[in-house]
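Chains as they are written, first to last, in numbering that gives the first Met the number 0: chain B, 0 to 1032; chain A, 0 to 518. Glycine is no exception: its CB is placed at the ideal position from the N, C-alpha and C atoms. The structure appears right after this line, and notes come after that.
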Amino acid sequence: MYIELHASSAFSFLRGSSPPEELVRCAADREMPALAVLDRDGVYGSARVHHAGREKGVRGLVGAEITMSDGTALPVLVASRTGYRNLCQLITRMKLRSEKGEGRAGWDEWEPFVEGLICLTGDEDGPVRRHLENGDREGALRTVRQLVRLFGRENVRIEVQRHLRRGERWIERCLRDLAEAEKLEVVATNGVRYAERKGRLLQDAFTCLRHHTHLDAAGLLLESNSERHLKSAAEMSSLFADWPEPVTNTIAVAERLEFTLEDLGYAFPRYPVGEGETMSDVLRRETYAGAAERYPDLTRRVRDQLEHELALIGKLGFCGYFLIVKDIVDFARSQSILVQGRGSAANSAVCYCLGITAVDAIKQELLFERFLSEGRNSWPDIDLDFPSGDRREQVIQEVYRKYAPRGAAMTANVITYRGRSAMREMSKVLNLPEDVAGRFSDLFGHGDFPHTLELEEQLSQAGLPRSHPRRDALTGLLGAVHGLPRHLGQHSGGMVISDRPLDTVVPLENASMPGRVVVQWDKDDCEDLGIIKVDLLGLGMMAAIQDTVQLCRQRGAGREFDLHTIPQDDPATYRMMQEADTIGVFQIESRAQQATLPRMKPTTFYDLCIEVAIIRPGPIVGGMVHPYINRRHGREPVDYIHPSFEPVLKRTLGVPLFQEQVLQMAMIIADFTGSEAEELRRAISFNRSKERMNKVMAKLRAAMQKKEVDPEVQDRIEKSICSFALYGFPESHAISFALLAYVSVWLKVHRPAEFYTALLNNQPMGFYSPATLVKDAERHGISVRPVSVVTSEEMTIVEADDAIRLGLRQVRGLDRSAAERIVMERASQPWTSLTDFLRRTGIDRDQRRILASTGALDGLSEHRRDALWRIESCLDEDDLFSWAAEEEREASPLPAMTSAERLRSDYRGLGLTTERHPMAHIRNDVPEIRTAEDLKRGKHGDEVIIGGLVICRQRPGSAKGHLFISLEDETGIANAFVPAPLFEQFRLTITQEAFLKIRGNLQQVDDVTSVYTRFIEPLPFVTAVETESHDFH
Amino acid sequence: MYACLQLPHPRLQAIWRDRPGDRYQPVAVLDDEADGTNRRDRGKARVCECSPEAAEFGIHPGMTASQARARCGDLLLRERAPAAEGRLREELLAGAERFTADFEETGPGLVTLDMAGIAGVERRPQEIGTALVGELEERGCVARAGLGANPDLARVAVRSLAWRRDAAEVEVVIRGEEARLDPLPLEVLDPGPDHRELFSLWGVETVADLKRLRRADLVERLGKDSAELWDLAMGRTRRLLRLVRPAPRFEAEASLEWAIEAVEPLLFTIRRLLETIVARLSGHYLVAGEIALRLDLVNGRKHRRRFRLPEPGADVDLLASLLHTHLADFRAEAAIEGVHLEVVPARAGRHQFDLFAAGVRDPNQLAETVARLEALLGPDRVGTPHVPATHRPGAVRMERFSPGGEPDVRIREVGQEALSLGGLPLRRLRPRLAVSVRCGNRVSYFGDRAKDRERPLEIDSGPLRGRIEEVAGPWRLSGDWWEKKLRWCREEWDARLGAGVLCRLVREGGDWYVEGVYG
C-alpha cells in the first residue's frame, strides 16, 4: 500500500502541470485510497481535489508547500482542523503582507502555527535537501533539528524520493543517516508534478516560463527524465524493493491526517437579533412589514405562499442569510444606490417582500422550488445588481467594514490558458518568432469565440509551416495547457462572508486592486464546500439608469420621474422594441435580439421576458426559437409534448424556454421530488461535469420508463432538457433582466437626452461604442454637441430636451486632472481669450493639441487650425507682456479644416464624430453601395451591395460558425449574415478591416432585413479612421 | 552640381537579390521595429516596405502582417535580411565610388555625390543621372537619380520621383527651378515624425503650403529644425557632404582559361593572387587576419572556406602554406575554373605574453597544425570541447581552438560532484561498444511498458560477454523532446560481470551498448 503525500497540481502555478481533477483520476486508477496535493503557498487546488475525490473515492488530504525566507519550500500536511486553521492563518499572514503572487514565511514565524501539522523534509527545493545538494551535511542536520524543535519529533518525517537519477542514492544515504541519528521516520514520496509521464513536457515548458527563458536555453533547469508522475503502490514498492519501510510508512502518516475539507469549520454570520427574539421571528416580522407595502390587500394566496416559504427557510436554517442580504440591500438604499436582486431569488415572495427583488413571484407564478427546496443541500443563490463603478465599490467596502477583520473577502477567479494566451506563452517557450503568436491571435479577431478553423490550419496561417521541426511540440503543448490555471484574479462580484475570520477557513491574499482581499478558491469551489457567496454585481445599465433618474431630477419639472411610476404598458416603448430600435438599451440590443424583436413583436411585459430568454444558446441549440415564433404567429400548432405539461408550458406555447419549466416537467412526468429537481437544476447549471448530467438523465429516463411514457415523448423531453445543459436561463432571471430592459427602452423613448448622456458617461458598457450611440442619438432627434472648453463639463451633460454636450472626459489623451482644472478655472471666471485659457490652465502642449484638433477650443478661436497655430507659440509663463503681445497677434495663416480632416481628427481625439458619418464623405464615390435606410425598401432576393463602418462582428457559439456583421452608415445600420465557409474564406478581411463592402442577397423575413453575404471586400477609406467595434462576444 | 542616388525599397531589393522569384510578386517586408499607428497592435511586426504589386492591393507600411494578408491572401511575407541589405549597401557605395570619391551616405539606400570636377561633367545633368542609374542597374539594383544645385536639392529631386506618374528614373532640379517642387507633397522634404504629424494637423500638405508660412513664425513654434525644412523647401540650404571613404577591400580573383584539375597549378594561381593582395595590404600598413577562399567549379558549384590566422601576418609564404595544407587533402568534385581570395585585414600583432602563461611561440605553425588536423578529421572535429548545459551524457560542443583560453568551468564542477558522491572513475569506450544483452523480468520493474520491466541478465556478445552478477539502475535520462531530430532517451545500468568487471550498460532506442568500464 502506498499513498502519495507530496503532489503538486497546476494550481502551484508553473510548478505542476496537471489539474487537480486529473491527479485524482490517476490516483483512483491506481487504486490509491487518498492523495495529498500540496500546492505552493496555498490550498488552491485542494477544493477540487476534495470534490473530485468524493466522486472517485479518493480521500483528498490537505497541505501546502510553504516558501521560506531562505527560498526553500517546506511541505506540510494537515492532520487536524486546528492544523488546517493554522496553515490558513500562516499563509494568509505571509500573503497579505506581500505583493500579489509573492510571500515568504520566516523560520521564526512558525511557532504559533505548528499544532496539527505534520512536516516533511521536502524534495530538492526543501530546506534539508538543499543543504545536502551543496554537500553540507551539518547544515542538513541543523535544519532537521530545527524542524524537530518546531513541530515535535512525532510530526516530522524524513522524505525520500527516487527519480532514477544518478547521485540520488548518495542524498538518500545522507537522509537515512539523518533519520537514524534523529530517530525520525522516513516516508517515500514521488514529489509528483504531473499525473502521467507525458505531463513532463508541459512541466518543462512551465519551468521555462518560471525562469523567463526558452527550451533551447533552459539547459539543466529542465527535468532530466519523466519520473515525477503519480506512481501506483506496485510501482513504488518496486522502486523501493530494497527498502520497503518508507513506502508503507505513508499509510501510517495518511491515517494520522484526519482532516478533510468536509470539516471546514465555516459558518455563515448570525444576524443580530433582540433579546428573546430568534432570527426566524425577525425574518417573519420584516417579511410581513414588506408585504404590507407590496400587497396592500394581503390575500390568502399571498399569505399561504409567504408562510410556505418562511417555513422552509426556517427549516433549512437560512433565516440569517435572508436578513443579511436584506441588510446589504437596505444599506444600498440608504445611500441612494439602485439595487435589484436577480437570479433565482426572484422566485421568492419573501425576497420580494424584503425588497431584495423587484419581481412579484406570486403574480408571475414563479416556481419557488427553483430557488429553495427541502432536498437542497446548498445555500440559496441571491445575486444583487448595483450600478457599476464607485457605487458598487461603496457597497463592497461596507461589507468588508461590517465583517472586519477578515470576515469578508471576494472569491477568486481562476484565469486559465486559452487560445491566444496559450499560444503566446508556448511559442515563447519553444523559441518561435514572436510574430507567429501575433498572427495566430489575429486569426481570432478581437475575442475568443468558438471557431471553425482547425488548430493545425490556424498554425499554418500564422506562418508556422507543417514541416516546422517544432510544430508537433507546439500542438502538443497547446493541447496540454489549454484550460489550466494561469493566475488567480478576483471574481467580478462574488463575496463570501463568515461568522469567524475567513483566514481560519481558507487562506486570503491580496488582489491586484488596492483594498481588495480574495480567498484562494473560486466561486464553484466555495459553493462545493458550502461557503456562502453573495454576488454583488455591477451593471453598467443600472449605473446609466440611476444617472438618468438623477439627471431628470436635476432638470426639474416635466422631466422628473420615479422608477416605480413607469407605466408597464407604454405603447411607444413596445413600438420601439417591435421596430428593433434598441441600440443602447439593456439585453435586447444585440444583433441577434434585434433580428428577433420584429418577429416577436412584444406587446406585453411577459413577451419581453421571453424575448430576453429566447436569444440564448440553450434554446437555439434545441432548435426552439422558430417553433415559438411560428406558434406565436399561428404558423404551427401549439404542442405540449405531453398533455400533462399544458399548465406548465401554456404561456410559452408548448415550448420549454425556462429552467423552471424543465424542472416542473421532470416533476410531472418522472415524479421527481424537490431534491431530485434540485439535483437536475444543479446538473443543468453546472457545466463542469458531464458525468453529473448523465447521472441525473439516467434517473429521469428510468422514472419515465417506469411510468410508461411514450418513447418518442421521452426523447423530446430529454432533448429539451439537454439543450439547457450549456446555458440554463431561469424565468425569474429573465423577468429581472426584462425589468431593466423595459426601463431602459422607456427611458430611450421618453427621456432620450438624459438617457444617452448617462450611457455616454458610463462607457464602456453594452454592445456599441460611443460613436454608434452618438449617431443613434442623432437619429432620434438629439443634437449631440461637440466638446468645448467654454461650455463642456467633465462629463457629458444635457443642455436641452433635445441636445446634449459631450464632456471633456470624452477627449482621449486629456488627463483627468487637466479636465478638472479647466472646469474649475472656468467656474471662477469665464475665459476671456485663448491666451487666457492657456495661461490659467497651464496644460501641456500635447493636450493643447488634442483639444485644438478636436474643436474643443473653437469657442476661443476662429477654427480648429487657428487654435492649432496659436497654441504652438512659445510664451514665457512668467512674462506677462509676452501673453499680452500674443493676444494682439494676427489670425493664423492656416486654412480651416475640411470636413474630412475634421472627421479624422474627431475619431483620433474622441473616437466619434458629431458631424457627418464617415460614410457620408465617400457616398458619392461608391454609388453602387445601398444605404441602410434604402435597404428596407428592397425586395427579398435582390442582389445588393452594402458598405459601412463595422460596428459589430458577432459569432455566437450556437451559430455553427456563421457570423453576423453590422455595418453602420449615415442612415442607420445594415446587417449581414456570413455563412461559416465564407467566413473562413474572408477571415482576415472580416477581422482586420474597419470598413467593409459586402455583396449578397437581400433577405426580408418577418420585417427583419438582412443581407445573405456572397462576397466581402475591404472598403478603401481615404481618411484613416481609428474605430472600435464590438466583436465576437 | 550634386547627384543623389537612391535605391527605392532597399530592404525589399535586398530580398530580391536573395530570392529572385519574389520579383514582380506581391511582397511585404516585416520589421519588428517598424512604426505602427494602432495602439491595439503594438508589439507586432509590421510592414516596413512592400512591392508595387502589393501596394496595388492597398498594402502600405505600418500595417501588421495580418492586416496586410487581409488585403491580399497571396501576399509573400518576408523578414528583413540584414546580410543581403549589407551587400546591397556595398553595391551602392561601390557604384557611387565609380563616379567620384566625394560622396556621402545620406541614409539607407541613399548616397549623395559631389559631381564637380569629375570626368564627363560636361555632359548634361540628365545624362549623368542616366549613367548613375545605369551603373547601379549593372550591379543588379533598381535605382533612381536626382540632380540639383546643392546636396539637399538633389535629394529632394530624387525623392520627388516617387510621386511621378511616369516611369522616370532621373529628375533634375537646377537653380531657379525650385518652384517645380511646389505642388509636391511635403513628404518629399522628409520631415521628421513630430513635424509630419503637426504639419498634417495644420493642413500643410505640399511644399508650397510650407513656403507660404513665414520662417520666423515656424521657428517660434517648432524650433530651428523647422527653419531648415523651410530653407529646404525654398532651395536655400547650404551644407558640406559628410564624405564616406569605403574601407579598402583586399580581394583578388582569377578566372581560368583552362579548368584546373591538379593542386600545383592551383597553388601557383593562389600564390599569385596572394602576392597582389599582400602588396595592397602593405600599402595600408595592414596584415592579413583571415582569408576567405572560394573555388568555382565547372559544374557550377562553389567550394568556400575561411581560414583565421592566429597571428595576423603578411608573409606570402606563410599564407600560401596555410592554404596549401588545406588543399593538399582537398578533393574537388569537378575541375576548378575560378579562384577568389579575400583577405580580412588586421593591424600587425603586437602583444606581450602573460608572465605566467605559456604563450604560443609560433602561432602560425600552430595554425597550420590545426588546419592539417581539420583537413584530416573534418572542421567540426577539431577545436576546444565545451560541455553544453544539458542532461545528455557526453554532450559536447567544439569551439574554435584558442590557446591559453579559460578551461570549461562546468567540467570542473561536474568532476567535483562526481568525487563528492564517491563515484568510481568511468573509462569511456569510444566508440561505445554495441552488445547484445539478454534481459528477463526477474524483478518487477516500474513503468508501464513490458520492456521497462526487464533488467539485463547477461551480455551475449563482445569482449565483455558473460553473466551479470549484480546490477544497479536503471537511471533514466531524456531530453530535447521538442524537436524530433534532436530528441533522445536512454536508460543506464551499472553491471558487475563475472570477472569482477564493473561496466556501464546503456539502452538507447532498443539497442544495448557498453559505454565504459569503471575503475
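Kindly list the residues whose CB is nearer than 7 Å to the CB of residue i, restricted to its own chain and excluding five residues on each side of it in sequence; keep chain order.
{"i": "residue 394 of chain B", "result": "327, 330, 331, 336, 385, 535"}
{"i": "residue 676 of chain B", "result": "368, 372, 662, 665, 666"}
{"i": "residue 783 of chain B", "result": "773, 776, 777, 803, 805, 913"}
Under 6 Å Cβ to Cβ from residue i, same chain only, skipping five residues before and after it: list those, please.
{"i": "residue 151 of chain A", "result": "231, 236"}
{"i": "residue 252 of chain A", "result": "339"}
{"i": "residue 499 of chain B", "result": "none"}
{"i": "residue 0 of chain B", "result": "232, 250"}
{"i": "residue 29 of chain B", "result": "231"}
Would you list the residues sitting across from residue i in a DSSP beta bridge?
{"i": "residue 73 of chain B", "result": "B:65"}
{"i": "residue 409 of chain B", "result": "B:494, B:517"}
{"i": "residue 1017 of chain B", "result": "B:995"}
{"i": "residue 489 of chain B", "result": "B:411"}
{"i": "residue 963 of chain B", "result": "B:953, B:976"}
{"i": "residue 312 of chain A", "result": "A:287"}
Pick from the options: whose alpha carbon is nearest that of residue i?
{"i": "residue 792 of chain B", "options": "B:855, B:479, B:49", "result": "B:855"}
{"i": "residue 754 of chain B", "options": "B:804, B:302, B:981, B:682", "result": "B:804"}
{"i": "residue 977 of chain B", "options": "B:769, B:954, B:969", "result": "B:954"}
{"i": "residue 18 of chain A", "options": "A:80, A:72, A:2, A:51", "result": "A:80"}
{"i": "residue 1050 of chain B", "options": "B:106, B:370, B:513", "result": "Any property of residue 1050 of chain B remains undetermined from this structure, which presents chain B solely from 0 to 1032."}
{"i": "residue 307 of chain B", "options": "B:918, B:45, B:348", "result": "B:348"}
{"i": "residue 63 of chain B", "options": "B:562, B:11, B:975, B:897", "result": "B:11"}
{"i": "residue 175 of chain B", "options": "B:194, B:969, B:131", "result": "B:131"}
Within 10 angstroms of the Cβ of residue i, are there 16 or more other Cβ atoms? Answer buried if so, exposed if not.
{"i": "residue 775 of chain B", "result": "buried"}
{"i": "residue 426 of chain A", "result": "exposed"}
{"i": "residue 82 of chain A", "result": "exposed"}
{"i": "residue 603 of chain B", "result": "exposed"}
{"i": "residue 833 of chain B", "result": "buried"}
{"i": "residue 893 of chain B", "result": "buried"}
{"i": "residue 278 of chain B", "result": "buried"}
Are any of the Cβ atoms in chain A nearer than 7 Å to that of residue i?
{"i": "residue 988 of chain B", "result": "yes"}
{"i": "residue 282 of chain B", "result": "no"}
{"i": "residue 472 of chain B", "result": "yes"}
{"i": "residue 619 of chain B", "result": "Confidence is the limiting factor: at residue 619 of chain B the pLDDT is only 48, short of 50, which leaves the residue's position unreliable and the question unanswerable from this model."}
{"i": "residue 224 of chain B", "result": "yes"}
{"i": "residue 218 of chain B", "result": "yes"}
{"i": "residue 469 of chain B", "result": "yes"}
{"i": "residue 137 of chain B", "result": "no"}
Kindly list the residues whose CB is nearer than 8 Å to the CB of residue i, restricted to its own chain and excluding five residues on each side of it in sequence; keep chain order.
{"i": "residue 288 of chain A", "result": "307, 308, 311, 342, 343, 344, 345"}
{"i": "residue 36 of chain A", "result": "Because the pLDDT of residue 36 of chain A is 45, which lies under 50, any placement of that residue in the model is unreliable, and the number read from its coordinates should be weighed accordingly. Closer than 8 Å at Cβ, skipping near neighbours: 61."}
Do we get a CB-CB distance below 7 Å when we pair residue i with the residues of chain B?
{"i": "residue 492 of chain A", "result": "no"}
{"i": "residue 242 of chain A", "result": "no"}
{"i": "residue 389 of chain A", "result": "yes"}
{"i": "residue 212 of chain A", "result": "yes"}
{"i": "residue 475 of chain A", "result": "yes"}
When the cut-off is 7 Å and only beta carbons count, does residue i lie next to chain D?
{"i": "residue 480 of chain A", "result": "The structure shown contains no chain D; the protein chains it does contain are B and A."}
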